[in-house]
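Chemist:
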Amino acid sequence: MYGGGNTFEKLQGTDLQNEDPQKLAEFEARIQRGEKIEPADWMPALYRKQLVRMIEQHGHSEIIGALPEGTWITRAPGFKRKLSLMAKVQDEVGHAQLLYAAAETLGKPREQMIDDLINGKSKYSNIFNYPAFTWADACTISWLVDAGAIVNQLANSRGSYGPYCRALERICAEESFHLKYGHHAVIHLATGTPKQREMMQAALNRWWGPLMHFFGPPDKMSVHSETLMRWKVKMASNDDMRQQFLDMYVPKIWELGLTIPDPLLRKNEETGKWDYTEPDWEEFKRVINGDGPLNKERLAVRRTAEERGKWVRDAMKKVAAKEYVTPLA
Amino acid sequence: MASTFIQSLDPRVTRLQMPEDINQQPLQSEALDQLVTFQVFMQKKEGKNFEHAGIVHAPTVELALLYAKEQYSRRFTCSGMAVAETSTVMASPYTDGGISVYQLLEGEAEATTATADVYEVFHLMKRGKQHEHAGSVEANSVEDAFYKAKESLMPEKPVLNIWLIRRDDLLTVDEEDKDIWNTLPEKGYRDAAAYKAGDKLKDFKEKNEATSSH
Amino acid sequence: MNTDALKELLYKIADDQLILGHRNSEWTGVGPLLEEDIAFSSMAQDKVGQSYQLYQMLHQMGEQEPDTVAFMRNANQFHNSQFVELPVGEYDFSLIRHFLFDHAELIRFSMLSQSSYEPLAQLARKIKGELKYHVMHANSIIKQLGNATEESISRLQKSLEGALPYALGLFEPSPFEEALKEGGIFEGETALQAKWEESIRKIVEQTALQLPDLKTLTPVYGGRSGVHTEHLQPLLDEMAEVFRVDPTAEW
Numbered sequence: 352m353y354g355g356g357n358t359f360e361k362l363q364g365t366d367l368q369n370e371d372p373q374k375l376a377e378f379e380a381r382i383q384r385g386e387k388i389e390p391a392d393w394m395p396a397l398y399r400k401q402l403v404r405m406i407e408q409h410g411h412s413e414i415i416g417a418l419p420e421g422t423w424i425t426r427a428p429g430f431k432r433k434l435s436l437m438a439k440v441q442d443e444v445g446h447a448q449l450l451y452a453a454a455e456t457l458g459k460p461r462e463q464m465i466d467d468l469i470n471g472k473s474k475y476s477n478i479f480n481y482p483a484f485t486w487a488d489a490c491t492i493s494w495l496v497d498a499g500a501i502v503n504q505l506a507n508s509r510g511s512y513g514p515y516c517r518a519l520e521r522i523c524a525e526e527s528f529h530l531k532y533g534h535h536a537v538i539h540l541a542t543g544t545p546k547q548r549e550m551m552q553a554a555l556n557r558w559w560g561p562l563m564h565f566f567g568p569p570d571k572m573s574v575h576s577e578t579l580m581r582w583k584v585k586m587a588s589n590d591d592m593r594q595q596f597l598d599m600y601v602p603k604i605w606e607l608g609l610t611i612p613d614p615l616l617r618k619n620e621e622t623g624k625w626d627y628t629e630p631d632w633e634e635f636k637r638v639i640n641g642d643g644p645l646n647k648e649r650l651a652v653r654r655t656a657e658e659r660g661k662w663v664r665d666a667m668k669k670v671a672a673k674e675y676v677t678p679l680a
Numbered sequence: 393m394a395s396t397f398i399q400s401l402d403p404r405v406t407r408l409q410m411p412e413d414i415n416q417q418p419l420q421s422e423a424l425d426q427l428v429t430f431q432v433f434m435q436k437k438e439g440k441n442f443e444h445a446g447i448v449h450a451p452t453v454e455l456a457l458l459y460a461k462e463q464y465s466r467r468f469t470c471s472g473m474a475v476a477e478t479s480t481v482m483a484s485p486y487t488d489g490g491i492s493v494y495q496l497l498e499g500e501a502e503a504t505t506a507t508a509d510v511y512e513v514f515h516l517m518k519r520g521k522q523h524e525h526a527g528s529v530e531a532n533s534v535e536d537a538f539y540k541a542k543e544s545l546m547p548e549k550p551v552l553n554i555w556l557i558r559r560d561d562l563l564t565v566d567e568e569d570k571d572i573w574n575t576l577p578e579k580g581y582r583d584a585a586a587y588k589a590g591d592k593l594k595d596f597k598e599k600n601e602a603t604s605s606h
Numbered sequence: 043m044n045t046d047a048l049k050e051l052l053y054k055i056a057d058d059q060l061i062l063g064h065r066n067s068e069w070t071g072v073g074p075l076l077e078e079d080i081a082f083s084s085m086a087q088d089k090v091g092q093s094y095q096l097y098q099m100l101h102q103m104g105e106q107e108p109d110t111v112a113f114m115r116n117a118n119q120f121h122n123s124q125f126v127e128l129p130v131g132e133y134d135f136s137l138i139r140h141f142l143f144d145h146a147e148l149i150r151f152s153m154l155s156q157s158s159y160e161p162l163a164q165l166a167r168k169i170k171g172e173l174k175y176h177v178m179h180a181n182s183i184i185k186q187l188g189n190a191t192e193e194s195i196s197r198l199q200k201s202l203e204g205a206l207p208y209a210l211g212l213f214e215p216s217p218f219e220e221a222l223k224e225g226g227i228f229e230g231e232t233a234l235q236a237k238w239e240e241s242i243r244k245i246v247e248q249t250a251l252q253l254p255d256l257k258t259l260t261p262v263y264g265g266r267s268g269v270h271t272e273h274l275q276p277l278l279d280e281m282a283e284v285f286r287v288d289p290t291a292e293w
């Protein structure tokens with residue numbers, strides 16, 4: 352699962368001046384024709400850099416994203432939920448593996464990416480810095496955060512980089528289970544006992560803000576984002592994705608008799624778009640920069656997992672006794 | 393000395409006993425503990441061709457195959473799997489504009505000698521898709537294997553990229569072990585289809601409407 | 043058919059699987075390598091799934107529903123071995139437990155595939171593939187890490203020594219041993235243990251690890267009759283925390 356609001360590298364005016372104009376033109380023409388770029392193809396340095404950054408952030412979001420729902424993995428109520436949640440959290444780990452693999456084809460080894468996550472050099476989706484207080488929070492994440500992620504991932508799966516698209520195709524297939532599972536669990540809470548309903552409403556209240564942040568702040572159109580759109584790295588604007596999410600899920604939330612904690616939220620008949628209270632973008636920035644409720648814990652867990660697993664990887668490395676090469680596709 | 397541990401909402405995390413100041417401690421920054429990678433090929437059904445699925449990191453080809461099974465087939469039907477270390481895969485250049493890689497090969501295959509190896513040949517027919525198994529050839533060298541593949545496996549449509557892997561470098565699941573894919577049919581919890589709550593939702597909405605109209 | 047004997051057998055197998063599956067799920071998302079994390083999680087799910095099948099079987103024999111049985115009993119009502127309730131520890135311990143337990147499990151179910159109790163024989167045949175994978179994984183990783191670095195070898199050795207007395211508790215003598223054998227339901231714990239010893243020895247011999255003389259060890263018994271370590275009740279409380287908020291609710 353992953354949202355928008357990727358942090359892309361700032362474009363320098365000189366970035367493309369050093370590229371061979373003929374090769375650049377061929378590269379852009381290929382994308383224009385709707386063909387995918389494969390790892391061995393010529394690509395502008397900037398394209399490579401932005402893709403590594405984006406796919407890596409996506410991978411980090413999966414592995415960190417395993418933690419909020421993982422909070423309830425040992426406490427899921429009943430066999431069915433227990434098995435589902437185990438499988439779902441496992442999928443997030445699996446997705447991280449697939450995404451890191453796609454980024455690896457661009458030349459960055461996976462352990463380097465994981466190190467950069469732990470030392471704070473690279474980011475992950477903000478939403479996973481929020482806590483899952485109750486079982487209902489875990490269900491809300493399974494349904495709505497994954498729903499948001501699907502909006503984003505379906506858009507990205509139409510992008511230009513072959514290995515990323517292939518990873519996303521597999522991921523989207525798995526996410527359809529997450530979405531159904533999440534909806535199923537939320538329906539049970541929302542239509543259940545008064546206590547269950549209350550849990551559910553409280554969780555929704557907590558997660559609505561982070562969900563509105565999920566796709567990132569409104570894009571400022573710039574030369575930079577135009578280039579990324581032309582290269583099919585960025586596939587949809589943050590606002591478009593947010594609107595699409597609201598369109599698909601607000602009615603589904605309302606039909607459960609739940610209240611969305613935004614008095615201004617309504618579909619504007621004239622514009623055909625959703626009006627809503629602008630989320631607190633200052634908070635978004637604060638959390639991205641490390642000052643969210645659980646940033647510290649999330650990184651500490653990842654770091655601990657890495658450090659305590661080191662003897663295993665060291666031993667495996669000795670058994671392998673071979674050098675790493677960049678995967679092919 | 394850190395005297396307190398991070399208390400988490402996740403009991404598993406609390407049990408990790410992570411010092412409060414763990415993030416301030418220097419990283420163990422030795423050489424990257426980066427394992428080698430293996431390309432994974434998967435057969436979705438008996439009779440279908442093997443197709444490239446992705447990669448796994450693993451110490452050995454045996455464990456790579458076991459890892460590949462869970463990473464790539466835990467929720468897709470599968471009847472066979474093979475892995476090869478990335479460095480054993482010989483890849484051709486990519487072609488463009490409707491030209492087949494095979495058209496770039498000028499030369500003839502040699503006569504096969506007794507020491508020839510079997511090579512498995514994988515074709516990429518469209519950018520964005522996966523390499524698919526096309527067949528195998530016996531050849532004296534990789535170069536020769538490309539020519540042999542051109543003689544016996546070249547399709548009418550252009551092949552954009554070719555991978556060759558010596559059969560000895562590929563590890564597959566033995567016929568007798570294929571029952572590792574027989575799992576309980578009750579594994580349905582991994583499928584979207586197992587989560588139907590439409591009736592519950594319908595009942596709820598009807599009840600709601602009934603109460604609000606009175 | 044001796045129903046008491048059969049129930050005792052089913053409960054202890056199911057409880058072992060549930061508790062170990064639960065324990066091993068604690069690694070999901072924090073394993074040492076992404077691929078290993080995924081494989082280990084699948085095996086934990088298999089165990090929980092298998093226990094569910096056995097609880098279903100018990101339910102058909104008149105016991106309560108699987109959810110009730112799993113989430114509402116207290117520690118002294120569980121028949122799992124103490125081995126499976128021990129905390130996950132470091133990964134070396136979890137791997138050694140996986141190795142020792144799954145060898146026993148594979149042999150147990152291959153015996154049960156011949157059971158005179160047909161539902162059990164059928165289930166044993168159905169899960170053969172899963173169990174085979176578990177043992178393939180355990181053997182592969184123990185052979186590799188057991189021959190790798192000084193650290194990996196000494197960690198595994200230490201865990202092996204600590205785990206073995208508990209692992210022997212898997213074969214705690216059953217009051218129904220003779221009844222089960224006579225009824226053709228199960229060949230018995232003694233026969234199982236003998237085969238298990240041979241089976242793990244074959245693998246350990248291929249590593250730098252030393253298998254202690256099992257005869258010198260004192261097996262940790264008690265689990266099968268509801269005597270447990272201090273770890274089980276907190277595990278159950280945690281597992282059932284949400285379920286017990288309202289056991290009659292649909293979650």
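Protein chains in written order, with this note's numbering: chain A, 352 to 680; chain B, 393 to 606; chain C, 43 to 293.
The beta-carbon is built from N, C-alpha and C at its ideal position, and this holds for glycine as well.
Work out the CA separation of R659(A) and I424(A) for me, nearest whole Å.
Modeler: Position 73 of the first sequence, counted from the start, is the residue given in the question as residue 424(A). Position 308 of the first sequence, counted from the start, is the residue given in the question as residue 659(A). Cα to Cα, I424(A) sits roughly 21 Å from R659(A).
Chemist: Mind listing which residues of the segment 430–453 of chain B have their C-beta closer than 7 Å to chain C's C-betas, in chain order?
Modeler: V448, H449, A450, P451, T452
Chemist: Measure the beta-carbon distance from H535(A) to Y587(B) and round it to whole angstroms, keeping in mind my assumption that it falls under 8 Å.
Modeler: On the first sequence, residue 535(A) is found 184 positions in, with the first residue counted as 1. On the second sequence, residue 587(B) is found 195 positions in, with the first residue counted as 1. H535(A) to Y587(B), Cβ: 4 Å. Contact.
Chemist: Which residues of chain A have a Cβ atom closer than 8 Å to the Cβ of F135(C), listed in chain order?
Modeler: Position 93 of the third sequence holds residue 135(C). Those do not exist, as F135(C) stays about 12 Å from chain A at its closest Cβ, beyond 8 Å.
Chemist: When you compare the segment 629–636 of chain A with the segment 397–409 of chain B, are there three or more beta-carbon pairs, one atom per stretch, that lie closer than 8 Å?
Modeler: Touching, no, given that fewer than three Cβ pairs across the two stretches are closer than 8 Å.
Chemist: Counting only beta-carbon atoms, is L75(C) nearer than 7 Å to chain A?
Modeler: Counting from one through the third sequence, the residue named residue 75(C) turns up at place 33. So, interface residue.
Chemist: At a Cβ cut of 8 Å, what residues of the segment 416–450 of chain A count as close to chain C, listed as they run along the chain?
Modeler: Answer in chain order: A417, L418, G421, W423, I424, T425, R426, A427, P428, G429, F430, R432, K433, L434, M437, A438, V440, Q441, E443, V444, G445, A447, Q448.
Chemist: Using a Cβ-Cβ cutoff of less than 7 Å, which residues in the same chain neighbour K223(C) once the five nearest sequence positions on both sides are dropped?
Modeler: Start at 1 with the first residue of the third sequence, and residue 223(C) comes out as number 181. Counting only Cβ-Cβ distances below 7 Å, and skipping sequence neighbours, we find E229, G230.
Chemist: Run down chain B in chain order and give the residues with a C-beta less than 9 Å from the C-beta of K174(C).
Modeler: Locating residue 174(C) in the third sequence gives position 132, counting from the first residue. Result: D569, D571, I572.
Chemist: Under 6 Å Cβ to Cβ from A56(C), same chain only, skipping five residues before and after it: list those, please.
Modeler: Here residue 56(C) refers to the residue found at position 14 of the third sequence. Only S93, L96, Y97 meet the Cβ criterion.
Chemist: Taking the alpha helix (DSSP H) that K669(A) falls in, what are its first and last residues?
Modeler: Against the first sequence, residue 669(A) aligns to sequence position 318. 646–671 is the extent of the alpha helix (DSSP H) around K669(A).
Chemist: Which word fits P372(A), buried or exposed, when buried means at least 16 other C-beta atoms lie within 10 angstroms of its C-beta?
Modeler: By 1-based counting over the first sequence, the position of residue 372(A) is 21. With fewer than 16 other Cβ atoms within 10 Å, it is exposed.
Chemist: Taking only three categories from DSSP, how would you classify G520(B)?
Modeler: Mapped onto the second sequence, residue 520(B) falls at position 128. In this structure, G520(B) counts as coil in the three-state DSSP scheme.
Chemist: Should V440(A) and E413(A) be called a contact, given that it needs their Cβ atoms to be closer than 7 Å?
Modeler: Along the first sequence, read from residue 1 onward, the residue named residue 440(A) stands at position 89. Along the first sequence, read from residue 1 onward, the residue named residue 413(A) stands at position 62. No, they are not a contact pair.
Chemist: Here's a check: name, in chain order, each residue in its chain whose Cβ is nearer than 6 Å to the Cβ of P561(A), leaving out the five neighbours to either side.
Modeler: Against the first sequence, residue 561(A) aligns to sequence position 210. Excluding positions up to five away in sequence, the list reads I478, Y481.
Chemist: Determine which residues share a DSSP beta bridge with L562(B) and list them.
Modeler: By one-based count along the second sequence, residue 562(B) stands at place 170. L562(B) is bridged to A476(B).
Chemist: Interface residues of chain A around I138(C) at Cβ under 7 Å?
Modeler: Here the question's residue 138(C) lines up with position 96 in the third sequence. The contacting residues do not exist; I138(C) stays about 13 Å from chain A at best.
Chemist: Restricting to runs no shorter than 4 residues, where is the alpha helix (DSSP H) found entirely within the segment 558–622 of chain A?
Modeler: 574–581, 589–605
Chemist: Determine, using beta carbons only, whether A282(C) comes closer than 7 Å to chain B.
Modeler: Numbered from 1 along the third sequence, position 240 holds the residue referred to as residue 282(C). Taking Cβ atoms only, chain B never reaches closer than 7 Å to A282(C), which makes this a no.
Chemist: Would you say G403(B) reaches chain C, if we count a Cβ-Cβ gap shorter than 7 Å as a contact?
Modeler: Locating residue 403(B) in the second sequence gives position 11, where the first residue counts as 1. Correcting the residue identity first, residue 403(B) is Pro in this sequence and not Gly. Closer than 7 Å: yes.
Chemist: Taking one C-beta from the segment 488–504 of chain B and one from the segment 529–543 of chain B each time, how about it: are there three or more such pairs within less than 8 Å?
Modeler: yes
Chemist: Is any beta-carbon of chain B found at less than 7 Å from that of G63(C)?
Modeler: Here the question's residue 63(C) lines up with position 21 in the third sequence. Not closer than 7 Å to any Cβ of chain B, the Cβ of G63(C) fails to qualify, so no.
Chemist: Within a Cβ cutoff of 6 Å, which residues of the same chain sit near A445(B), ignoring the five residues on either side of it in sequence?
Modeler: Numbered from 1 along the second sequence, position 53 holds the residue referred to as residue 445(B). Within the same chain, A445(B) has close Cβ partners V432, M434, Y464.
Chemist: Looking at C-alpha atoms only, which residue of P569(A), R581(A), T485(A), T422(A) is the closest neighbour of A554(A)?
Modeler: The residue you call residue 554(A) lines up with position 203 of the first sequence. With distances taken between Cα atoms, A554(A) lies closest to T485(A).
Chemist: Check whether the segment 209–224 of chain C touches the segment 262–278 of chain C, counting contact only when three or more Cβ pairs, one atom from each stretch, lie closer than 8 Å.
Modeler: yes
Chemist: Are the CB atoms of T480(B) and I554(B) nearer to each other than 7 Å?
Modeler: Stepping through the second sequence from its first residue, residue 480(B) is reached at position 88. Stepping through the second sequence from its first residue, residue 554(B) is reached at position 162. For T480(B) and I554(B), no; Cβs fall outside 7 Å.
Chemist: Can you confirm whether D371(A), when its beta carbon is compared against all beta carbons of chain B, has any partner nearer than 7 Å?
Modeler: Sequence index remark: in the first sequence, residue 371(A) carries index 20 (1-based). With 7 Å as the cut-off, D371(A) does not count as an interface residue toward chain B.
Chemist: To the nearest angstrom, how far is it from the Cα of A666(A) to the Cα of E412(B)?
Modeler: As a position in the first sequence, residue 666(A) is number 315, starting the count at 1. As a position in the second sequence, residue 412(B) is number 20, starting the count at 1. The alpha-carbon atoms of A666(A) and E412(B) are separated by roughly 29 Å.
Chemist: Run through chain C and tell me which residues come within less than 8 Å of H411(A), C-beta to C-beta.
Modeler: As a first step, residue 411(A) must be located in the first sequence, where it is residue number 60. Within chain C, no residue comes near H411(A); the closest Cβ sits about 12 Å away, beyond 8 Å.
Chemist: List the residues of chain A that S67(C) touches, going by C-beta distances under 7 Å, in chain order.
Modeler: For this step, residue 67(C) is matched to residue 25 along the third sequence. Chain A residues near S67(C): I424, T425, M437.
Chemist: What did DSSP end up calling Q106(C) once you bin it into helix, strand or coil?
Modeler: Your numbering for residue 106(C) matches position 64 in the third sequence. Correct three-state label for Q106(C): coil.
Chemist: Could you spell out the range, first to last residue, of the beta strand (DSSP E) harbouring G446(B)?
Modeler: The count along the second sequence starts at 1 and reaches residue 446(B) at position 54. Its beta strand (DSSP E) spans residues 443–450.
Chemist: Counting Cβ pairs, one atom from each stretch, are 3 or more of them under 8 Å apart for the segment 460–471 of chain A and the segment 109–122 of chain C?
Modeler: No, because fewer than three Cβ pairs between the segment 460–471 of chain A and the segment 109–122 of chain C fall closer than 8 Å, the two stretches do not touch.
Chemist: Going by beta carbon distance, what residues of the same chain come within less than 8 Å of Q368(A), once the five residues before and after it are set aside?
Modeler: Locating residue 368(A) in the first sequence gives position 17, counting from the first residue. Cβ contact annotation for Q368(A) (same chain, cutoff 8 Å, sequence separation greater than five): none.
Chemist: Identify, in the order they occur along the chain, each residue of the same chain with its Cβ nearer than 7 Å to the Cβ of R65(C), setting aside the five sequence neighbours on each side.
Modeler: On the third sequence, position 23 is the one that residue 65(C) refers to. So the qualifying residues of the chain are V126, V130.
Chemist: For chain C, is any of its Cβ atoms less than 7 Å away from the one on R548(A)?
Modeler: Taking the first residue of the first sequence as 1, we reach residue 548(A) at position 197. Not closer than 7 Å to any Cβ of chain C, the Cβ of R548(A) fails to qualify, so no.
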